[in-house]
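Following: one structure in structure tokens, then a few remarks.
Chains as they are written, first to last, in my numbering: chain H, 24 to 683; chain X, -10 to 386.
Have a look at this one:
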């Protein structure tokens, strides 16, 4: 073949070398062709479809997508080589073993056995009582319980227990579905951790917060308590995405941590973010891995296990930090004092957001990890001043340059725009949820949704291509439920409520309790109402300005910064838009931005005729204000001011002091 | 030592925000512009007919009404100002220059607006945005804020000349005050200083709270008096201390400390002389506003500055001042509920002690500290420990 090609090539070369040939002019004679008549043919009449129909048909055809499917997160991150120091692990295991042995020796076994006996006796008594109650019911009541679930959820709690006494009976169909999702979640968790099991398992011997994640499925149950039908399905879909993200990041944390996986290969690609700093900037670095550093060890885990942060708070207060500072930065600093955060990453993006306490926590970080390069992302507090936007965009540019310099990666506009288009689509779906919840038939309420909104807005931010699918599914279920005029909390839709200020981490499912107990349905909370303008996805300069606007309006900061109007006037505007009658006004005792407006909020609520229930809490420290005390504030208000009767009286008084 | 001639007069001036000299300046057609924070360059409030008054709430008693509005877990300084504002104590002001630097102080300015504490027709409350670090673009931003949100507002409200020339004129007067205060500050380096910490605190405070033009003659005279003042033969103090931390506008705090046997030789706190009383050298070929803003950012020791070099600067300044003024120990203090200094104090008090070797007393305190028995006990114990350390090192007892 090669010889033939060479021969052709040579011939062509020869042809190029030949002299030009001049052809003589020849005139052709004219020829007259005979005329032929063609016979007439009657064609059948065809009715063309109307333009509208064609358009519909075309719209219905799904063309194959040729977009390259990108796996998320990058599988290479999971496969990055670990460099575990086995000798150090051995020493650590020895130490842990020593602690366990000591616990074993010092355990009061008589007391332990007695407790177990009491527990078993209590279980028997409960089963007997439940069977007796069921036997005493009429056939209709039994049928109702069988189909629609139990009515007294307070019975699931037992004094002193860390978990509920059993799973909730939601009715045959919903219990089966719930159990399927329970298995589904466990499957995902095991599947994710098995991608690099050893460092992840090993992390449980180094960090107490890793143990708290063992009960994450219990957290899922807690957040869906009392939910059924469409509401239950939507909650499961959303919480699944959050836990997939958490599980993946826990694996990465363990792989990167110098005390565990110690993967130099992965650490080169890891950019750490300060608490609550949004992750959208990483959209422009598709080859890097952005991890919100304190999210898993401190922030999120405190929602799963109410007691996780207590040792951190105690440690930093013993160190000298005043007890009146916000528990978020306090806990993070405490975790640094106790060396409870992984040693990892190529660089760290610290931030001045959302409040004064967060600003200061970065100096503790620098103290613990002096060699970790830090960029301080600082946006104007008076973010509504238009003259500050350009300067905020400059800070983003400087941050991008910093990441490029420390990691060797290059900012990729295409990747950034692609992710932001996805984020815009997600925001569009979010706004549809709001529209439905503003109607007399709200559909998507409860802690799972509240958590999902914050996670998607702050952490995911359009980076995960799997998430839009969840949005679409939830949207479909929500709209169908709306068409059917379903009740999101069956039989418990009595009052329309809004949550303002930050909720207690140790009582993340408070809105769940208040709906189940008193029929107060939280339609939206302050932390969800953030920036919803579609982000620029064409012009680079405008895109950076939009990104700055987005960051400036992060969770909490959107309301508590930039002037009182953003939190006071905004509340009245939202109350009107969502047609609410009751405001759950959280008062994080250490949140200076909010507590400095308590008088104004109180006065104006009275003037405007809203019911406002003030609920104090200490965010991550349940010892200051317990869950029970938080509930007592609502109980008191509902009974004395609203003259209301509880929907589920078993939930008015119960003991969950030790419950996760 | 013989009493300073004007000390009692100065003390009286500090008894009210609306003091005799403020009243005099107002009667002469001056415009009183209130401010609280170093982030607002004082000199910019002294342009044209304006004069600056750094706000305090002297003789604060109950702050119950402010506590209703702002809760009891917030900065007492901010609450005391709200209380004083509600009482009408700031009705003399013609404008309020606010900074959104710390959330609680910001809410003081906002309550001023919401509760309509001053209803003069042209009265303004302006809010300026402050940077957290020093970069080209943050300096530009700071300049922009001072121009748009401060100077332009003053000009629009009262037609005051805020030109470059007017600013430079204000700087001249400002610099004279600073030179005097600096000269007095230097006297504290002596073994047996001719000025006590309390006296210096009083003099420095009047320089912040009175119109510059009117307080200057008294300051000049006091400086001359100090130059010839004879110290006591035996120094009355047992230990020299440097103070570092958040806002102290209460001379009673220094008095309490000195009653316990200390001599305050350095004042690195808000309302102190470092920073605040540095001379501003201006070049002719650059707008004065830009130079002032950059200089204020560089000199600021506010714990709000987050960048690494500013964090290091704060520690170095504390160490340098303690060494230059030959302190025996450092007191790290914070106003209770101050987030910035709460975090800073907790961490840096350890660093100063463990790395720099300074004996450190770390305290939080209420706004009016002079009546605090608890503080007195801690001060006494600290002075005693410093004295013992010195004796152990073979110094004088």
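From the three backbone atoms N, C-alpha and C, an ideal C-beta is built for every residue, glycine too.
### Task
Show which residues of chain X have a CB atom less than 9 Å away from the CB atom of residue 502 (chain H).
What residue 502 (chain H) touches in chain X: nothing, since even the nearest Cβ is about 41 Å away.
### Message
Quick check on residue 44 (chain H): does DSSP put it in helix, strand or coil?
### Response
Residue placement at residue 44 (chain H) is flagged as unreliable, the pLDDT there being 49, under the threshold of 50; a coordinate-derived value is accordingly withheld.
### Message
Using a Cβ distance threshold of 8 Å, determine whether the stretch 539 to 553 of chain H contacts the stretch 507 to 522 of chain H, with at least three qualifying pairs required.
### Response
yes
### Query
Would you say residue 335 (chain X) reaches chain H, if we count a Cβ-Cβ gap shorter than 8 Å as a contact?
yes
### Message
Using the three-state DSSP reduction, which class does residue 28 (chain X) fall into: helix, strand or coil?
### Response
coil
### Message
With three or more C-beta pairs closer than 8 Å as the rule, is the stretch 230 to 242 of chain X touching the stretch 260 to 276 of chain X?
### Response
yes
### C-beta neighbour in chain X for residue 466 (chain H), strict 8 Å
no
### Message
Less than 8 Å between the beta carbons of residue 15 (chain X) and residue 6 (chain X), yes or no?
### Response
no
#### Entry: Cα-Cα separation between residue 567 (chain H) and residue 78 (chain X), rounded to whole angstroms
46 Å
### Query
In three-state terms, what does DSSP make of residue 637 (chain H)?
strand
### Message
So, under 8 Å CB-CB, residue 531 (chain H) and residue 515 (chain H) are touching, yes? Tell me the CB distance rounded to an integer number of Å.
### Response
With 8 Å as the limit, residue 531 (chain H) and residue 515 (chain H) do not qualify as a contact, their Cβ atoms being about 19 Å apart.
### Query
DSSP state of residue 300 (chain X), grouped into three classes?
helix
### Task
Compute the distance between the beta-carbons of residue 65 (chain X) and residue 52 (chain X), then report whether it is under 8 Å.
yes
### Message
Could you pull the DSSP bridge partners for residue 114 (chain X) from this structure?
### Response
X:85
### Task
Report yes if the CB atom of residue 577 (chain H) is closer than 8 Å to the CB atom of residue 481 (chain H), and no otherwise.
yes
### Query
Taking 8 Å as the CB-CB cut-off, is residue 87 (chain H) touching chain X?
Confidence is the limiting factor: at residue 87 (chain H) the pLDDT is only 47, short of 50, which leaves the residue's position unreliable and the question unanswerable from this model.
### Message
Rounding to the nearest angstrom, what Cα-Cα distance links residue 190 (chain H) and residue 397 (chain H) in this structure?
### Response
46 Å
### Query
If the cut is a Cβ gap below 9 Å, which residues of chain X does residue 378 (chain H) touch?
92 and 328
#### Entry: Per-residue burial, residue 316 (chain X) [other beta carbons within 10 Å of its own, 16 or more giving buried]
buried
### Task
Would you tell me roughly how many angstroms separate the C-alpha atoms of residue 309 (chain X) and residue 124 (chain X), rounded to the nearest one?
25 Å
### Environment of residue 203 (chain H) [buried if 16+ CB atoms lie within 10 Å]
exposed
### Query
From residue 589 (chain H) to residue 579 (chain H), what does the alpha carbon distance come to, in whole angstroms?
10 Å
### Task
Could you tell me which residues DSSP pairs with residue 167 (chain X) in its beta bridges?
For residue 167 (chain X), which the question treats as bridged, DSSP gives no partner whatsoever.
### Cβ-Cβ distance between residue 95 (chain H) and residue 301 (chain H) below 8 Å
no
### Close Cβ partners of residue 32 (chain H) (< 7 Å) along its chain, the five nearest in sequence each way excluded
For residue 32 (chain H), the predicted model reports a pLDDT of 49, less than 50, meaning its position is unreliable; a value from the coordinates is still stated below. The answer is none, since no qualifying residue turns up.
### Task
Check whether the Cβ atoms of residue 422 (chain H) and residue 400 (chain H) sit closer than 8 Å, and answer yes or no.
yes
### Query
residue 315 (chain H) by DSSP, collapsed to three states: which one?
strand
### Task
Note the first and the last residue of the continuous beta strand (DSSP E) segment covering residue 548 (chain H).
543 to 548
### Query
If contact means a Cβ-Cβ distance below 7 Å, which residues of the stretch 19 to 33 of chain X contact chain H?
none
### Task
Closer than 7 Å, Cβ to Cβ, to anything on chain H: give me those residues from the stretch 357 to 373 of chain X, in chain order.
none
### chain H residues whose Cβ lies nearer than 9 Å to that of residue 120 (chain X)
401, 403 and 414
### Task
Return no unless some Cβ of chain X is closer than 8 Å to the Cβ of residue 345 (chain H).
yes
### Task
Grab me the residues of residue 13 (chain X)'s own chain with a C-beta within less than 7 Å of its C-beta, minus the 5 sequence neighbours each way, in chain order.
203
### Query
Which chain H residues sit within Cβ distance under 9 Å of residue 75 (chain X)?
Simply none; closest approach about 11 Å.
### Query
Name the DSSP bridge partner or partners of residue 258 (chain X)?
X:234
### Boundaries of the beta strand (DSSP E) in which residue 466 (chain H) is found, first to last residue
Counting along the chain, residue 466 (chain H) falls outside any beta strand (DSSP E), and DSSP gives it neither H nor E.
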